[in-house]
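Working notes, beginning with the structure itself.
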Amino acid sequence: MATRPDSGRTRRKAGDATRRRLLRAAERLFAQYGIDAVSLNEIVHASKANAAAIHYHFGTREALITAIIEQRREAWAERRNEMVAELAARRAITARDVVRAMVEPIAALAEHPWGMDYIRFVANVANHPKYAPLLHEAGGYEMRDVFFELVERVTPDLTKKIRLARFSFVGEFAYHALGASDQRVAMWVTTVGGSLEGWTHDDLIDMLTGALTAPVHRRT
Numbered sequence: 002m003a004t005r006p007d008s009g010r011t012r013r014k015a016g017d018a019t020r021r022r023l024l025r026a027a028e029r030l031f032a033q034y035g036i037d038a039v040s041l042n043e044i045v046h047a048s049k050a051n052a053a054a055i056h057y058h059f060g061t062r063e064a065l066i067t068a069i070i071e072q073r074r075e076a077w078a079e080r081r082n083e084m085v086a087e088l089a090a091r092r093a094i095t096a097r098d099v100v101r102a103m104v105e106p107i108a109a110l111a112e113h114p115w116g117m118d119y120i121r122f123v124a125n126v127a128n129h130p131k132y133a134p135l136l137h138e139a140g141g142y143e144m145r146d147v148f149f150e151l152v153e154r155v156t157p158d159l160t161k162k163i164r165l166a167r168f169s170f171v172g173e174f175a176y177h178a179l180g181a182s183d184q185r186v187a188m189w190v191t192t193v194g195g196s197l198e199g200w201t202h203d204d205l206i207d208m209l210t211g212a213l214t215a216p217v218h219r220r221t
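Residue numbering for the sequence shown follows this note's numbering, beginning at 2 and increasing consecutively.
So, in structure tokens, the structure goes:
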């Protein structure tokens, strides 16, 4: 029996749809429960795929995690690189400008239906001793050297060692702060009668700017 011309295209579309469902299910479950707490079988079940699909499309857990990172990378990397390039072209910039370029592209992901899941997923991967290097291997650092030069411009009194350490911690903390649920943070605030009402990304940028530029305590 002759094969219909469009049968191959139909199979590819079905395969692509299955792959997308697996990625979305894995992203959501990894974000909610952590990287090690979710089995591949649970991802298959949540995506309504067959048991062999996840091995066919990804093969390993590591390849699956890498695919989740890469599928969203352009959503934040492009905007961040644009902001970094714009700052590099300016004669005068502030530390807050640089921190804003770190925070806003991540915060903007929350506008997407999958945004908070991805932010929390990345935070969980960053905390994982085995899979954290995948974040760096996935790329998205086209403007890295330019970014470091901007940090040097706004922190001239810091040594290179302290500057890079602070820059790295600020970048990591941005994901964790943006991915933290209101309930978790509010638990601490409400113990002293406070409220998170009115807290914005600008407040986070102010806080991280302070962390980047704080005076160094010299030990004797």
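Beta carbons: idealized from backbone N, C-alpha and C, even for Gly.
Since the structure is predicted, the reported quantities are computational estimates derived from the model, not experimental observations.
Would you report the Cα separation of A102 and V126, rounded to the nearest angstrom?
-> 22 Å
Outcome for T210 when other beta-carbon atoms lying within 10 angstroms are tallied against a minimum of 16 = buried
Answer yes or no: do V123 and A175 have a C-beta to C-beta separation smaller than 8 Å?
-> no
Top-ranked residue by Cα proximity to D17, from P134, R29, N42 and F59 = D17 has its Cα closest to that of F59, out of P134, R29, N42 and F59.
Please name the residue in H56, R92, L135 and H46 whose C-alpha comes closest to that of R74.
-> L135
Relative to the C-alpha of I55, which residue among V190, Q33, L41 and E63 is closest?
-> L41
Starting from the C-beta of E173, find all residues in its chain whose C-beta is less than 8 Å away, skip the five residues before and the five after it, and write them out in chain order.
-> A127
Spatial neighbours of E63 within its chain, please: CB distance less than 6 Å, with the 5 preceding and 5 following residues excluded, ordered by chain position.
-> none
Could you pull out every residue in the same chain whose Cβ sits closer than 7 Å to the Cβ of S169, ignoring the five residues on either side in sequence?
-> Only residues of its own chain outside the window of five on either side were considered, and among them none has a CB closer than 7 Å to the CB of S169.
Could you give the DSSP three-state label for W115: helix, strand or coil?
-> coil
N-terminal and C-terminal residue of the alpha helix (DSSP H) that I70 is part of | R62 to A89
Sorted by chain position, which residues of the same chain lie with C-beta nearer than 6 Å to D158's C-beta, five sequence neighbours on each side aside?
-> none
Excluding the 5 residues preceding and the 5 following T67 in the sequence, name in chain order all residues of the same chain whose CB lies nearer than 7 Å to its CB.
-> L135 and A139
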